[in-house]
Amino acid sequence: MKMIQANQEMNNLIENSVRRFAEKGSKLLGNRALYIGASDLASAAGCLRSVAMNKYCIAGQQPFQRLLTFQRGHALERSLFDALAPFALGIEQMEIEFDWNSIKHKFHLDLVLIDQQGEGVTVLENKTTRSEKPELRDSYVTQLQVQMGALERFWDQRCFSAAQAVEKTTFPELVEYLYGIKLKKNINGFIPVTSTQDELGVYGPYSPPGDSFWDEMMGLSARLVAAKNNPAAAPYAKGFHILCDYCDGQQSCPKFAAVEIDGLDPVLQGVKKLREAEAAIQAALAEKEKTLKEFYLRVQNTVGRRYLACPTGKYRLSSSSREYYKKDNIRRMLYENNVPITEIDAILASAATVSDTQSLRFVWT
Ligand code: SF4
Numbered sequence: 000m001k002m003i004q005a006n007q008e009m010n011n012l013i014e015n016s017v018r019r020f021a022e023k024g025s026k027l028l029g030n031r032a033l034y035i036g037a038s039d040l041a042s043a044a045g046c047l048r049s050v051a052m053n054k055y056c057i058a059g060q061q062p063f064q065r066l067l068t069f070q071r072g073h074a075l076e077r078s079l080f081d082a083l084a085p086f087a088l089g090i091e092q093m094e095i096e097f098d099w100n101s102i103k104h105k106f107h108l109d110l111v112l113i114d115q116q117g118e119g120v121t122v123l124e125n126k127t128t129r130s131e132k133p134e135l136r137d138s139y140v141t142q143l144q145v146q147m148g149a150l151e152r153f154w155d156q157r158c159f160s161a162a163q164a165v166e167k168t169t170f171p172e173l174v175e176y177l178y179g180i181k182l183k184k185n186i187n188g189f190i191p192v193t194s195t196q197d198e199l200g201v202y203g204p205y206s207p208p209g210d211s212f213w214d215e216m217m218g219l220s221a222r223l224v225a226a227k228n229n230p231a232a233a234p235y236a237k238g239f240h241i242l243c244d245y246c247d248g249q250q251s252c253p254k255f256a257a258v259e260i261d262g263l264d265p266v267l268q269g270v271k272k273l274r275e276a277e278a279a280i281q282a283a284l285a286e287k288e289k290t291l292k293e294f295y296l297r298v299q300n301t302v303g304r305r306y307l308a309c310p311t312g313k314y315r316l317s318s319s320s321r322e323y324y325k326k327d328n329i330r331r332m333l334y335e336n337n338v339p340i341t342e343i344d345a346i347l348a349s350a351a352t353v354s355d356t357q358s359l360r361f362v363w364t
């Protein structure tokens with residue numbers, strides 16, 4: 000690779016490399032339109048339309064910012080796996096593949112930790128947020144629970160695979176193959192969340208969900224597949240939904256379709272024109288005042304007077320000014336008058352004001 004000289008060139012190199020790297024990762028997950036994933040169900044529980052649009056309709060490049068967020072999440076998973084490796088037995092990116100109501104499902108579990116004594120298994124669903132503080136969302140819990148539900152239901156079936164093992168096995172067989180441990184069927188789960196300020200919040204423990212939750216999720220999965228032929232018409236989230244701002248299907252979403260009202264045109268046009276006129280007047284006024292201020296300062300410096308007036312006496316021009324005290328002198332004075340040093344800063348802070356630069360006053364008489 001030749002040496003890079005321009006900032007934009009480096010920017011492009013990084014963006015293209017991250018894109019290629021991310022594509023490699025998504026190839027491992029296969030064509031997501033052909034199966035239902037745990038994250039699909041977690042998102043569809045909030046808005047089925049957004050998942051259907053994303054899955055069956057919208058093709059093309061992801062915004063780079065979103066790719067970076069995903070990659071940040073993957074990097075965290077990777078480093079968490081490496082950090083835990085000396086202390087815990089783990090399986091990374093384990094897949095559970097099963098059919099339910101003739102619908103193919105593939106759930107990818109970020110990280111599962113195996114108890115060394117074989118007492119049970121802990122599922123970790125790692126999340127990174129765009130917010131400054133770690134926060135727990137309903138969709139995170141749904142995703143973890145649907146994963147634990149599948150792990151519990153298909154425990155003894157040949158549905159499990161992981162990068163470390165080629166063949167599909169039952170879960171106990173996979174654990175025995177990897178670590179030589181005979182595992183009891185105890186499952187719990189946690190959700191570690193990191194924020195943009197690199198704060199960590201850990202939520203849990205959670206237990207596998209009951210039958211009604213599982214049935215609800217499988218019903219959702221059937222509705223998602225049914226929406227394949229017309230994703231745009233799928234049910235959407237009414238009211239505030241946290242993901243609307245990031246939704247690729249927002250432009251065509253009925254939630255944001257405007258209601259046409261007769262007679263509104265001239266009113267809005269009038270308001271628009273008034274706003275434009277207001278902006279033009281503000282700009283002209285600012286320009287005139289700037290010129291006047293320069294003139295005032297010039298004349299004031301020459302004649303040494305604060306007030307200027309027109310010969311008619313109708314208009315006056317003056318400037319406001321303030322007196323300022325030297326903070327250090329006051330501090331010393333307070334100290335000499337035996338005010339405790341711990342109180343001096345508080346007194347000075349409470350007396351402080353923010354001053355404006357000298358401003359002109361126009362007086363119309
Ligand atoms: S814009 Fe909001 S409501 Fe509409 S599909 Fe997207 S997430 Fe759902």
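With numbering that gives the first Met the number 0, letter number 1 in the sequence shown gets 0, and the count goes up by one each step, no holes. The beta carbon of each residue, even a glycine, is placed where N, CA and C say it ideally should be.
Using C-beta distances below 8 Å, list every residue in its chain close to residue i, excluding the 5 sequence neighbours before and after it, in chain order.
i	result
Leu83	Gly89, Leu110 and Leu112
Tyr245	Arg65
Thr356	At Thr356, the pLDDT of 47 sits below 50, so the modelled position is not reliable and the matter cannot be decided from this model.
Arg129	Thr68 and Thr195
Val330	What sits at residue 330 in the sequence shown is Arg, not Val. Ile343 and Leu347, listed in sequence order.
Starting from the C-beta of residue i, find all residues in its chain whose C-beta is less than 6 Å away, skip the five residues before and the five after it, and write them out in chain order.
i	result
Ile3	Met9
Pro208	Gln144 and Gly148
Leu333	Ile343
Ala279	none
Let me check understanding here. Comparing Cα to Cα, which of the options lies closest to residue i?
i	options	result
Thr141	Phe106, Lys183 and Leu333	Phe106
Tyr324	Asn300, Ala350 and Ala285	Ala350
Trp154	Leu143, Thr168, Asp98 and Arg19	Thr168
Ala43	Leu267, Pro339, Leu242 and Ala149	Leu242
Gln196	Thr127, Lys254 and Leu143	Thr127
Leu177	Asp247, Ser317, Arg315 and Ala87	Ala87
Lys237	Gln249, Ala285 and Glu293	Gln249
Thr68	Asn125, Asp344 and Ile186	Asn125
Phe63	Ala256, Ile13, Thr193 and Asp114	Ile13
Leu381	Tyr205, Phe170 and Asn300	The chain is shown only over 0 to 364; residue 381 falls outside these bounds and no answer can be derived.
Val17	Leu33, Met52, Ala74 and Asp39	Ala74
Ala225	Gln281, Cys309, Asn100 and Val258	Asn100
Arg152	Phe97, Asp81, Glu259 and Tyr34	Phe97
Glu191	Ser78, Ala283, Ala279 and Gln116	Position check: residue 191 holds Pro in this sequence, whereas Glu was assumed. Out of Ser78, Ala283, Ala279 and Gln116, Ser78 has the C-alpha closest to the C-alpha of Pro191.
Val122	Glu76, Ala276 and Val270	Glu76
Gly117	Ser130, Pro171, Glu94 and Glu166	Pro171
Tyr182	Gln115, Leu223, Val201 and Gly200	The sequence shown places Leu at residue 182, not Tyr. When each option's Cα is compared against that of Leu182, the closest is Gln115.
Lys429	Val338, Ile343, Leu263 and Val270	This structure cannot speak to residue 429, because the chain is shown only from 0 to 364.
Asn228	Phe20, Cys252 and Met52	Met52
Pro253	Cys46, Ile35 and His104	Cys46
Glu131	Gly119, Gln92, Met93 and Gly200	Gly200
Gly72	Lys272, Glu293 and Thr193	Thr193
Asn328	Ala278, Leu347 and Leu173	Leu347
Ala161	Glu94, Ile260 and Asp264	Glu94
Ala32	Ile102, Pro133, Val266 and His240	Ile102
Tyr34	Pro310, Ser220, Arg19 and Tyr202	Ser220
His104	Asp137, Glu91, Ser138 and Gly36	Gly36
Phe20	Ala279, Asp137 and Gln70	Gln70
Gly303	Ser251, Glu277 and Ser318	Ser318
Glu175	Gly218, Val338 and Gly119	Gly119
Ser251	Ala5, Cys56 and Val338	Cys56
Keeping to the same chain, check which residues put their C-beta closer than 7 Å to that of residue i; ignore five residues upstream and five downstream.
i	result
Ser49	Ser42, Leu242, Cys246 and Gly248
Val298	Leu307
Arg368	Nothing in the structure corresponds to residue 368, since the chain is present only between 0 and 364.
Leu143	Val122, Glu124, Gly188, Ile190 and Tyr205
Asp39	Val50, Lys54 and Leu223
Is there a Cβ from chain B that is less than 9 Å from the Cβ of residue i?
i	result
Thr121	Structure shown: chain B not included; a single protein chain is present.
| task | State whether the stretch 231–240 contacts the stretch 212–220, with contact taken as three or more CB pairs (one from each stretch) at a distance under 8 Å. | result | no
Could you name the residues whose beta carbon sits closer than 7 Å to any heavy atom belonging to the ligand SF4, keeping them in chain order?
-> Cys46, Arg48, Ser49, Met52, Tyr235, Ala236, His240, Leu242, Cys243, Cys246, Gly248, Gln249, Cys252, Lys254 and Phe255
**Prompt:** Residue ranges of each alpha helix (DSSP H) run of no fewer than 4 residues wholly in the stretch 38–120, ordered along the chain?
**Reply:** 47–55 and 63–83
So, do the stretch 144–152 and the stretch 180–190 have three or more beta carbon pairs nearer to each other than 8 Å? For the pair of segments examined, the stretch 144–152 was found to touch the stretch 180–190: the number of CB pairs separated by less than 8 Å reaches three.
4 or more residues per run - each alpha helix (DSSP H) lying fully within the stretch 132–188: 137–152 and 170–178
Worksheet item: Hey, which unbroken runs of the alpha helix (DSSP H) at 4 residues or more fall wholly within the stretch 199–276?
Response: 210–225
task: Any chance you could list the alpha helix (DSSP H) runs of at least 4 consecutive residues sitting entirely within the stretch 278–349, in chain order?
output: You should have 326–335.
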